[in-house]
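One structure below.
Number of protein chains: 2
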Amino acid sequence: MKLYQSSASPNSRRVRIFLAEKGISMPLVPVDLGAKEQFSDAYAAINPRRVVPVLVLDDGTAIGEVPVILRYLEEVFPEPPLFGATPQARARAAMWERRVELEGFAAAMEAVRNAVPGLKSRAIAGPHDYEQIPALVERSRQRVRNFYSDFDARLTDVPFIAGEEFSVADITAVVTVDFAAKAAGLPIPDEHRALKRWYDKVSARASMGA
Amino acid sequence: MKLYQSSASPNSRRVRIFLAEKGISMPLVPVDLGAKEQFSDAYAAINPRRVVPVLVLDDGTAIGEVPVILRYLEEVFPEPPLFGATPQARARAAMWERRVELEGFAAAMEAVRNAVPGLKSRAIAGPHDYEQIPALVERSRQRVRNFYSDFDARLTDVPFIAGEEFSVADITAVVTVDFAAKAAGLPIPDEHRALKRWYDKVSARASMGA
Chain L
1 MKLYQSSASP NSRRVRIFLA EKGISMPLVP VDLGAKEQFS DAYAAINPRR VVPVLVLDDG
61 TAIGEVPVIL RYLEEVFPEP PLFGATPQAR ARAAMWERRV ELEGFAAAME AVRNAVPGLK
121 SRAIAGPHDY EQIPALVERS RQRVRNFYSD FDARLTDVPF IAGEEFSVAD ITAVVTVDFA
181 AKAAGLPIPD EHRALKRWYD KVSARASMGA
Chain Z
211 MKLYQSSASP NSRRVRIFLA EKGISMPLVP VDLGAKEQFS DAYAAINPRR VVPVLVLDDG
271 TAIGEVPVIL RYLEEVFPEP PLFGATPQAR ARAAMWERRV ELEGFAAAME AVRNAVPGLK
331 SRAIAGPHDY EQIPALVERS RQRVRNFYSD FDARLTDVPF IAGEEFSVAD ITAVVTVDFA
391 AKAAGLPIPD EHRALKRWYD KVSARASMGA
């Protein structure tokens with residue numbers, strides 16, 4: 001098993017942190033996004049979607065899509081559980097992971113991809129070119145602010161995103177905060193004390209350096 | 211267990227078809243989207259995201275997000291498998307289901323929500339209001355066309371979206387085609403013969419009337 005990924009890719013970081021939490025090591029195959037290596041024929045043969053990361057199994061099966069990669073790893077390396085130990089816990093963790101992804105991560109990504117000059121005709125990752133839509137930038141930034149506000153309220157009630165235990169949802173949320181702060185200039189606002197407290201605690205885990 | 215849902219909601223239909231394929235029956239609790247019942251305090255207590263569908267377990271746990279609901283149902287009602295029988299098969303089905311969702315379903319939804327007069331400040335479902343962005347409509351329509359073209363190519367090689375077996379990915383794809391045709395005026399173009407052949411075969415299943 002090996003992971004095609006990029007150190008510059010926040011989606012790749014979601015998987016690297018997950019692996020570190022599990023204590024799994026596997027070969028990391030770098031894909032140079034700056035050199036557009038994801039558009040090479042060699043990489044398209046591995047992932048026709050032309051995005052990173054992709055997990056390639058020993059029989060050559062290529063698994064794309066981060067939440068799918070993480071759930072597969074959870075199935076084959078169940079300890080320590082990062083989704084939870086029962087179907088119900090797994091549903092709760094997967095639900096919160098997805099909400100973080102759609103409301104926070106995807107919004108921050110949309111804000112960046114529609115604004116950065118170097119991605120002019122690449123507003124959406126994947127095999128097709130799409131022009132940037134400037135009006136999306138401010139709407140996406142507002143979505144990130146709403147994400148911060150909503151999850152600050154949630155973390156006033158529970159210690160972790162999915163509830164009582166650290167889970168895959170916290171991983172996606174830390175990656176979202178770091179990406180939004182660094183690439184979109186949207187750090188957690190000071191008034192969101194519960195969210196900040198959660199972030200300070202969770203981002204101190206050794207895995208987060210991955 | 212019961213499902214809060216709407217007969218007018220394509221996301222609800224994904225779950226209804228899945229239940230029909232499994233042969234599971236459970237109470238369907240209608241949520242009247244036309245009367246904005248999803249914004250009522252009673253419904254917000256069930257799902258603070260204010261969208262349908264939501265699966266409510268007997269202990270009151272509310273599970274939202276369609277792919278999460280479907281995977282939970284697969285865990286507790288494994289037969290017949292609609293994701294596959296091994297971790298690898300489940301990863302393949304979940305990956306393809308997600309690609310259909312992000313590239314097809316979400317694109318069609320974005321095209322409709324940014325165009326329909328009745329959704330003027332409701333361009334994104336959920337608890338927050340967002341104004342429509344007219345420039346998104348044509349881009350989203352182009353994404354649906356690209357989705358049709360990409361999946362026509364795929365279905366030239368394999369009989370079902372995820373490969374050799376009918377799966378959850380086919381369910382999301384049929385719902386996407388029906389929604390794109392009806393709500394966005396984007397039926398499968400005649401030249402996409404493999405996609406049409408797949409659609410005619412799969413949409414004839416009894417479950418698709420659900």
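Chain order of the listed sequences is L and Z. Just so you know, we're using the numbering used here here: the first sequence kicks off at 1 and counts up by one. Just so you know, we're using the numbering used here here: the second sequence kicks off at 211 and counts up by one. Every residue, glycine too, gets a C-beta built ideally from N, C-alpha and C.
Query	Result
Step through the CB atoms of chain Z and report whether any lies within less than 7 Å of the CB of Gln88(L).	yes
Under 7 Å between beta-carbons, which chain L residues line up against Ile273(Z)? List them in chain order, please.	Ala91, Met95
With which residues is Ala272(Z) paired in a DSSP beta bridge?	Val266(Z)
From the beta carbon of Ile171(L), is the nearest beta carbon of chain Z less than 7 Å away?	no
Scan the stretch 329-350 of chain Z for residues whose Cβ lies nearer than 9 Å to a Cβ of chain L and list them as they occur along the chain.	Ala333, Ile334, Gly336, Pro337, His338, Tyr340, Glu341, Ile343, Pro344, Ala345, Leu346, Arg349
Would you say Glu75(L) reaches chain Z, if we count a Cβ-Cβ gap shorter than 7 Å as a contact?	yes
Whose Cβ in chain L lies nearer than 7 Å to the Cβ of Tyr282(Z)?	Pro87, Ala91
Starting from the beta carbon of Asn47(L), find every residue of chain Z whose beta carbon is closer than 9 Å, and list them in chain order.	By Cβ distance, chain Z contributes nothing, its closest Cβ being about 10 Å from Asn47(L), past 9 Å.
Give me whichever residues DSSP pairs with Gln215(Z) in a beta bridge.	Pro240(Z)
Which residues in the same chain as Ala183(L) place their Cβ atom closer than 6 Å to its Cβ, once the five residues preceding and following it in sequence are excluded?	Val112
Look at Ser331(Z) and Glu341(Z) and say whether their C-beta atoms are less than 7 Å apart.	yes
Using a Cβ-Cβ cut-off of less than 8 Å, list which residues of the stretch 142-171 of chain L approach chain Z; keep chain order.	Gln142, Arg143, Asn146, Asp150
So who's on the other strand from Ala130(L), going by DSSP bridges?	A small fix is needed here, since residue 130(L) is Tyr in this sequence, not Ala. Paired residues: Arg122(L).
Rounded to whole angstroms, how far is the Cβ of Val137(L) from the Cβ of Ala115(L), which I believe are closer than 8 Å?	5 Å
Which of the three DSSP states is assigned to Gly209(L) in this structure?	helix
How would you write the range of the alpha helix (DSSP H) that Asp178(L) sits in, first residue to last?	168-184
Leu186(L) touches chain Z at which residues, Cβ-Cβ below 8 Å?	Within 8 Å Cβ-Cβ: nothing; Leu186(L) doesn't reach chain Z, min ~16 Å.
Under the criterion of a Cβ to heavy atom distance below 6 Å, does Thr172(L) qualify as lining the ligand FMN?	As presented, the structure is devoid of all ligands, the ligand FMN included, so that no description of it is given.
In this structure, does DSSP put Gly233(Z) in helix, strand or coil?	coil
Since Glu68(L) meets chain Z, which of its residues come closer than 8 Å, beta carbon to beta carbon?	Looking at the sequence shown, residue 68(L) is not Glu but Val. Residues of chain Z passing the Cβ test: Ala301, Ala304, Met305, Arg308.
Bridge partners of Gly373(Z), per DSSP?	Phe370(Z)
Name the chain Z residues that come within less than 8 Å of Leu57(L), Cβ to Cβ?	Gln298
Flag this pair as yes or no: are the beta carbons of Ser216(Z) and Val239(Z) separated by less than 7 Å?	no
Given a cut-off of 7 Å on the beta-carbon distance, is the pair Ala372(Z) and Trp306(Z) in contact?	yes
For Trp198(L), which residues from the same chain have a beta carbon less than 6 Å from its beta carbon, with the 5 sequence-adjacent residues on both sides left out?	Leu155
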